[in-house]
Amino acid sequence: MSQGIIKEEILRDDLKYYFMSPCEKYRARRQLPWKLGVQILKIVMITSQLILFGLNNQLVVSYKEENAMTFKNLFLKDYSGVDEEDYSVALYSQQAVYDSLFYVLDQYRQLGRLSVGPISYAEEDGKLLPLVICKEYYKRGNVEPSDEAYDIDAQLEKVCMANDPTNVSQWKAENVSFFNLEFYRLVDIKITFQLKGINLQTVRSHELPDCYVFFVTITFDNQCHSGKIKIFLDIDALSSACKNWKISGTAQKNTHYLLVFDGFVILVCLTSAVLCTRSIVLAVKLLQRFSRFFRENYNHKVCKTDQKEFLNGWYVLVIVSDAMAIVGSILKMEIQAKSLTSYDVCSIFLGTSTLMVWVGVIRYLGYFQKYNVLILTMKTAFPKVIRFCCCAGMIYLGYTFCGWIVLGPYHEKFEGLSRVAESLFSLVNGDDMYTTFAQLKDKNSLVWLFSRVYLYSFISLFIYMVLSLFIALITDAYDTIKNYQKNGFPMTDLQRFLREQKDFPPSEEGSEMDTETGMGHPALCCCRRAPSNDDIILIS
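Numbered by the working numbering, the letters in the sequence shown go through residues 6 to 545 in order.
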């Protein structure tokens, strides 16, 4: 047997082995599927890690939300328990403003006797941090609505006062002029203070309770000068490790076990990333050997689609998910060590990595013909769907801008661009149709008529035409795949080589080479691999 034939057989064996499933590789060479084992272990560990972090994150979020509701009920007079749109309370009279303002100060002074939770004043170096109240107003102004006259200096001035929370009553009496408000000049009043609390509910989860600092801001907003002053209460919570703590009874500290578990997750993800990177490097080298062999023996260049078979996108997905899992695990360890409080950032990394890990499972199901229809359909339909969405997106953006500028002042679902986009997307899916029609204020007949034309045309266009065409594209791709699975996929240069066929039609990339050597033939490059049997389709 000549050296060339031996080289060809070795290359063919390496290619067949590369495109085998993990089970086939084990049967062929008795090599354990380490990558598959690592991926299964990684799925179990990352999912467990996500569940543990999610349960802890829910306790943190619920603690912050419940404290926000507590502060609103404690410090806002006549708070109903439900926010009105984006604000908590609305005031319409001067006396109501004074009553609400002094109510905040009085409630703050009595905080220790009012709150049922572990909340107290914030201290620094043994001293209580002061309550700060600031009012912002126009520098000078004179307004006479009856004469349709005004004289306003648009420059804003800000005056602030701070005092010990326990001396609020004396402070009010000594600064009567500060609380004498000229409402036509007043822009807003802001009251800021800090409180401290301890999240004791984590004891039940066998974790150390965190200490929190709440930065509370209460705003009396009069920017519109419409006779309606809105009150907002916002809090920012900062958690940290408590300085002095002692836990007895059944609750024990298990942070060290969680840190060890997170460290093991990082190690597994690093192993997975290294194995996938190694596979990519080996695939590139194998592609170079295959291309060189075709060029030297058949004067033929491998087409681009066949080249893509060697560049496994699943490996890239796994590497990206491993990187995100490692970053998320590091952030989680920092949070458990009380060095960071970025729960949201950590959630994004862990959640996205878990999503990618579970999506990557489809790769192994794709080795079986009865399970890989979804992958092949998405792969076939994706280019057409993207082009279609680009065209439909232009129409969608046009409706978005038009709805915002025309219907925004009259309909709450069209008040902002993001709201308009979300409302239109809901209409495409058949949600809230009647509500969208009914909620439009009919004070302006012209706008009401325009809204009917606008909504009917959008619904008709996108539901009956755009959505139907979108589904038709996917259905067409599905029918194509089913037909290929029934009658066989078109043969490719790669498949012909693996089946030891010598008749390779020239590819589009090889047309120039063929022309130069006098071997011009009609270009044919159809690069889908045919299944070796009816049960298994080899996909990389």
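Cβ atoms here follow ideal geometry from the backbone N, Cα and C, with glycine treated the same way.
1) I'd like to know whether the C-beta atoms of Tyr320 and Ile367 end up nearer to each other than 7 Å.
2) Pick from Ser431, Thr385, Asp447: whose alpha carbon is nearest that of Tyr415?
3) Measuring CB to CB, does Leu422 end up less than 7 Å from Ile464?
4) The beta strand (DSSP E) that contains Phe219, what's its start and end?
5) Buried or exposed: where does Val87 fall if 16 or more other Cβ atoms within 10 Å of its Cβ makes it buried?
6) Only counting runs of 4 or more residues, tell me where the alpha helix (DSSP H) segments fall wholly within the segment 288-375, in order along the chain.
7) To the nearest angstrom, how far is the alpha carbon of Phe237 from that of Lys69?
8) Out of Leu205, Thr224, Ile223, Arg392, point me to the one whose CA is closest to Asp215's CA.
9) I need the straight-line Cα distance from Leu110 to Asn168, nearest angstrom please.
10) If you measure between the beta carbons of Pro123 and Gly59, is that distance less than 7 Å?
11) Could you tell me the distance, in whole angstroms, from the CA atom of Gln100 to the CA atom of Ser85?
12) Tell me the residue span of the beta strand (DSSP E) that contains Leu2.
13) With burial defined as no fewer than 16 other Cβ atoms inside 10 Å of the residue's Cβ, what is the status of Gly403: buried or exposed?
14) Short of 8 Å in beta carbon distance, which residues of its chain neighbour Ser125, apart from the five on each side in sequence? Order them along the chain.
15) In the DSSP assignment, find the beta strand (DSSP E) that holds Val137 and state where it starts and stops.
16) Going by DSSP in three states, Tyr415 sits in which element: helix, strand or coil?
17) Distance, Cα to Cα, Gly102 vs Gln160?
18) Return the first residue and the last residue of the alpha helix (DSSP H) that Lys28 is part of.
19) Taking C-alpha atoms, which residue in Glu162, Ile223, Asn317, Arg209 lies nearest to Phe24?
20) Count the other CB atoms within 10 Å of the CB of Gln444; is the residue buried (16 or more) or exposed (fewer)?
21) Taking a contact to mean a Cβ-Cβ separation below 7 Å, would you say Leu478 touches Ala386 in this structure?
22) Does the distance from the C-beta atom of Ser358 to that of Ser326 stay below 7 Å?
23) Note down, in chain order, each residue of its chain lying with its Cβ closer than 6 Å to the Cβ of Gln54, except the 5 sequence neighbours on either side.
24) Mapping DSSP to helix, strand and coil, what is Ala127?
25) Where does Ile157 land, buried or exposed, given buried means 16+ other C-beta within 10 angstroms?
26) If I follow the unbroken alpha helix (DSSP H) through Asp481, where does it start and stop?
27) Could you tell me the alpha carbon to alpha carbon distance between Tyr113 and Glu141, rounded to whole angstroms?
28) Who are the near neighbours of Ser334 in its chain, counting only those whose CB is closer than 6 Å to its CB and skipping five residues on each side?
29) So is Asp18 in contact with chain D if we call contact Cβ pairs under 7 Å?
30) In the DSSP assignment, the beta strand (DSSP E) including Ile234 goes from what residue to what residue?
31) Could you tell me the alpha carbon to alpha carbon distance between Ile45 and Leu64, rounded to whole angstroms?
32) Could you tell me whether the Cβ atoms of Asp226 and Lys235 are closer together than 7 Å?
For this structure:
1) no
2) Asp447
3) no
4) 215-226
5) exposed
6) 309-315, 318-341, 348-370
7) 17 Å
8) Leu205
9) 11 Å
10) no
11) 19 Å
12) As shown, the chain starts at 6 and ends at 545. That puts residue 2 outside it, with no answer to give.
13) exposed
14) Leu116, Gly117, Leu200, Lys201, Gly202
15) 136-149
16) coil
17) The identity of residue 102 in the sequence shown is Val, whereas the question assumes Gly. Each residue's alpha carbon lies about 24 Å from the other.
18) The question names Lys, yet the displayed sequence has Cys at residue 28. From DSSP, the alpha helix (DSSP H) with Cys28 extends over 27-34.
19) Asn317
20) exposed
21) yes
22) yes
23) Val270
24) coil
25) exposed
26) 472-492
27) 22 Å
28) Asp267, Val270, Ile271
29) No chain D appears in this structure, which consists of one protein chain only.
30) 234-246
31) 29 Å
32) yes
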